[in-house]
Amino acid sequence: MKIYISTDMEGMPGTFNWEQEKTDRTSVRRNYTRHVQTVLESIIAHPRSAEIDEILIADSHSAGDNLDYSITALDRRIDLISGCPRQFYMMPDLSPEFDQVFLLGYHSGTGALRGNMDHTYSNSRIHKIFINGKPMNEALINSAYAGWMGVPVSLVSGDITLQSELASPMPWLNYIPTKKAVAKFAARNFSQSRVDEAVKIAVERALKLKKTDIPLFTFESPVTLKIEFHSTAMTDQACLMPDVCRLDGRTIEYTHADYSVLFEAIMALVTLAASANI
797 MKIYISTDME
807 GMPGTFNWEQ
817 EKTDRTSVRR
827 NYTRHVQTVL
837 ESIIAHPRSA
847 EIDEILIADS
857 HSAGDNLDYS
867 ITALDRRIDL
877 ISGCPRQFYM
887 MPDLSPEFDQ
897 VFLLGYHSGT
907 GALRGNMDHT
917 YSNSRIHKIF
927 INGKPMNEAL
937 INSAYAGWMG
947 VPVSLVSGDI
957 TLQSELASPM
967 PWLNYIPTKK
977 AVAKFAARNF
987 SQSRVDEAVK
997 IAVERALKLK
1007 KTDIPLFTFE
1017 SPVTLKIEFH
1027 STAMTDQACL
1037 MPDVCRLDGR
1047 TIEYTHADYS
1057 VLFEAIMALV
1067 TLAASANI
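Each number in the working numbering comes from the position in the sequence shown (counting from 1) with 796 added on.
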């Protein structure tokens, strides 16, 4: 069995504001590492642990430099992907050989009401984002990439607003609530003990399942991406990418039959938009 873990920061318990990364990065990394470590320890302690031959972690927040390499010392089966830029952004090196995907520390999508640090891929560039007409968050976008690979997402941790966003499209998830947003940059962080207990229960349930028992989250092909950027200058830059259709001053559309190409296109468009002189 192979387990893939993609980690983000905004849904981690104890962290509530991007300013913390500037003023108290040590605490942010500690919260991040502790939650991931609790999940890893629950995996290692699981009755099916002996069947697991690989646990691959993708440190996927910002520059991918949040988890210390020492976390791999927990078990010889653990590898860690760090750094950026990289292809397939939050899901590098995922392949069909993996049995389950865990998404840790994920957050609600851009524009969510009471979503702690709500955004989708880029808070400063993306105002709205849709795939096949449905509003997106990072968990859905990444789960669809895993589904395209034939690998199911079985476990997610994050705030309760994300939990509500995933309840309908992915009802099978084992969800670990970490906090409740009070505002975009304020949160009621749940007791560490309660979160740890929820981790153990969720991991226990997820690893009992066979790969074929868990549904895949996918989109019908061809897949259409629509992004509304924050400014027309950003959209000007995004339109430099071939096959992009501009719908209005701030909105582009891009369609492709291969979801993996569209998945890569999101970060390519965001990177182009970032070069705008605004």
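Where a beta carbon is used, it is the ideal one built from N, C-alpha and C, also for glycine.
Going by C-alpha positions, T1047 is about 31 Å away from A983. Here D875 is exposed: its Cβ has fewer than 16 other Cβ atoms, across all protein chains shown, within 10 Å. Here V995 carries a helix assignment [DSSP, helix/strand/coil]. In this structure G911 is in contact with D955, their Cβ atoms being roughly 7 Å apart against a cut-off of 8 Å. Residues S802, M886, M887 and L899 of the same chain have their beta carbon placed closer than 7 Å to that of N938, with the five preceding and five following residues left out of the count. In the DSSP annotation of this structure, the continuous segment of the alpha helix (DSSP H) that includes K818 starts and ends at Q816 to T819.
Counting C-beta pairs closer than 8 Å gives fewer than three between the segment 843-853 and the segment 824-831, which falls short of the contact rule. Residue D1044 holds the alpha-carbon nearest to the alpha-carbon of T1028 among V1040, V1019, D1044 and G929. Out of A979, K980, L958 and A977, the CA that lies nearest to the CA of N970 is found in L958.
Shown here, A1029 sits in a helix according to DSSP, grouped into three states.
For Q883, the closest of A859, E961 and Y865 by C-alpha to C-alpha distance is A859.
Considering only S856, N1073 and L852, the residue with the shortest C-alpha distance to R825 is S856. Distance from the CA of P931 to the CA of A1064, rounded to the nearest whole angstrom, comes to 19 Å. Taken atom to atom, the span from the alpha-carbon of N919 to that of L1068 is near 15 Å. In this model, A979 and V991 are separated by some 21 Å (Cα to Cα).
Judged by DSSP in its simplified three-state form, T811 adopts coil rather than helix or strand. For G943, no beta strand (DSSP E) segment is defined; the enclosing uninterrupted segment is the alpha helix (DSSP H) at E934 to M945. With a 10 Å radius around the Cβ and a threshold of 16 neighbouring Cβ atoms, Q1033 comes out buried. Counting along the chain, no beta strand (DSSP E) covers F1059; the unbroken alpha helix (DSSP H) around it starts and ends at Y1055 to A1070.
In the three-state reduction of the DSSP assignment, T868 falls in the helix class, which pools H, G and I. The beta carbon of P1011 sits closer than 7 Å to the beta carbons of P948 and W968 from its chain, once the five residues preceding and following it are set aside; these are given in chain order.
For L1036, there is no enclosing alpha helix (DSSP H), since its DSSP letter is neither H nor E.
Following the DSSP letters along the chain, one finds A908 in no beta strand (DSSP E), marked with neither H nor E.
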